[in-house]
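For reference, the structure is listed below as structure tokens.
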Amino acid sequence: MKILPHITSLLAFCFFTLFSLLSVAHAETVVLEGNNPNPIPLGPHYQVYVDDQHQLTIDDVLLPSSHIEFSPLLANNNFNLGLRQETLWFKVEVSNANASDIKQLLEFNFSLLDDLGIYIVNKESKRILSRFDTDKAQSFTNRLYQHSNFIFPITLPAKTEMTFYFRIQSKGNMTAGATLWQPNVFAEQDRVSYFLLTLYLGLLLALSIYNILLFISVRESRYLYYALFSSAMLLAVGAYNGIWFELLWPNRPQWQTISIPISFALCGLFAALFSRSFLQTKSNAPILDKVFLC
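With mature numbering (1 follows the signal peptide of the UniProt record, and there is no 0) applied, the sequence shown corresponds to residues -27 to -1, 1 to 267, in that order.
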């Protein structure tokens, strides 16, 4: 029976060793070398610091006496961190090993962040090379790179080691994934994404029109409810992906903020009304019908 404590100690040692190796792997430097056309996700290399008081600035972070310790971030692949009330600071080491400056696009693939600060710092001198401060209250026409996601054109100096700092705050869901792209590669990928999204929105529009015509023809309420549900889904998907912000109300960021919860609420309402009408719950399932009415 004396072997049990030894097994427990061995398992504990293996666990902490594995955790340490994972931490080192996550904190390794992102090296840009050669002409790599593939997008480079920065999330797997994140280190994070939680600012509960929402008071830190980049100058505070860079002070030698600040004693701010970043910890490796272990998250899922899309870096969805759920509902967070704190301000989160992320740090990632990036090195341009090329003999010349390179231009990149830094993309945050979640457009609903409340507040976002980006600071690119020379690792050796601690000098800020580039900084961007933005939030979702900024009009679309004032964005440096006019896209539904937050995208920033950056230039990385040759033979330079840098530290990227990201300050992120969001009252709702927080997704913190960031990616480095070559501009031409991003443009090609973006065209494909826009085509697929436009195709999906077009199908929703066609479905709405078709069901409205059916309602006019047969006068059954289920077709009207389904047409309204498809229209609400069309509004919700476009709002969530920032398409309507880009095309319909680029100078009304407050409309973009309220359009998402309203449109998804309408989706739920019309889905319930369609289900009630289609299943005829009033006569077939009175108890379920009362649930729908609630």
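Using N, Cα and C, we set each Cβ at its ideal position, and we do this for glycine too.
Per-residue burial, residue i [other beta carbons within 10 Å of its own, 16 or more giving buried]
| i | result |
| --- | --- |
| His27 | exposed |
| Pro126 | exposed |
| Asn257 | exposed |
| Ile141 | buried |
| Glu161 | exposed |
| Leu186 | exposed |
| Val165 | exposed |
| Leu86 | buried |
| Gly215 | buried |
| Ala149 | buried |
| Ile(-25) | Its pLDDT being 47, under 50, Ile(-25) is placed unreliably in this model, and the value from its coordinates should be taken loosely. Under this definition Ile(-25) is an exposed residue. |
| Ala205 | buried |
| Ala110 | exposed |
| Glu159 | One point to set straight first is that residue 159 is Phe, not Glu, in the sequence displayed. With 16 or more other Cβ atoms within 10 Å, it is buried. |
| Phe247 | buried |
| Phe168 | exposed |
8 Å Cβ cutoff met for residue i and residue j
| i | j | result |
| --- | --- | --- |
| Lys64 | Tyr138 | yes |
| Thr114 | Asn9 | no |
| Leu153 | Asn69 | no |
| Arg100 | Ile91 | no |
| Val23 | Leu78 | no |
| Ile13 | Val21 | no |
| Ser232 | Ala200 | no |
| His18 | Glu1 | yes |
| Lys96 | Met147 | no |
| Phe123 | Thr107 | yes |
| Phe243 | Tyr183 | no |
| Ser203 | Ser236 | no |
| Leu207 | Leu178 | yes |
| Lys16 | Ala131 | The identity of residue 16 in the sequence shown is Gly, whereas the question assumes Lys. No, the Cβ-Cβ distance between Gly16 and Ala131 is not below 8 Å. |
| Val94 | Leu35 | yes |
| residue 317 | Leu129 | Residue coverage of the chain in this structure runs from -27 to 267, which leaves residue 317 outside it and unanswerable. |
CA-to-CA distance, residue j to residue i, given in whole angstroms
| i | j | result |
| --- | --- | --- |
| Lys144 | Ile189 | 43 Å |
| Gln253 | Leu172 | 33 Å |
| Ala72 | Phe81 | 27 Å |
| Phe218 | Ser121 | 8 Å |
| Glu59 | Asp88 | 12 Å |
| Leu54 | Asp25 | 15 Å |
| Arg116 | Leu239 | 30 Å |
| Leu29 | Ser250 | 54 Å |
| Leu102 | Pro37 | 18 Å |
| Leu176 | Gln119 | 26 Å |
| Pro259 | Arg57 | 41 Å |
| Val67 | Phe83 | 22 Å |
| Gln155 | Lys76 | 7 Å |
| Asn157 | Ala245 | 45 Å |
| Val210 | Gly241 | 14 Å |
| Asp32 | Leu174 | 45 Å |
| Ser112 | Pro234 | 19 Å |
| Leu221 | His40 | 47 Å |
| Ser98 | Ser44 | 22 Å |
Those residues which DSSP pairs with residue i across a bridge
| i | result |
| --- | --- |
| Met135 | Val67 and Asn95 |
| Ala179 | Paired residues: none, contrary to the question. |
| Arg140 | Trp62 and Gly90 |
| Glu80 | Ile124 and Thr152 |
| Leu56 | Asn146 |
| Thr2 | Answer is none; Thr2 lacks a bridge partner. |
| Tyr19 | In DSSP, Tyr19 forms no bridge with anything. |
Below-8 Å beta-carbon distance, residue i vs any chain D residue
| i | result |
| --- | --- |
| Glu161 | Considering every chain present, this structure includes no chain D. It has just one protein chain. |
(message) Whether or not the segment 226 to 238 and the segment 193 to 200 are in contact is what I'm after, with contact meaning three or more pairs of Cβ atoms, one per stretch, closer than 8 Å; do they touch?
(response) Verdict: no, contact absent.
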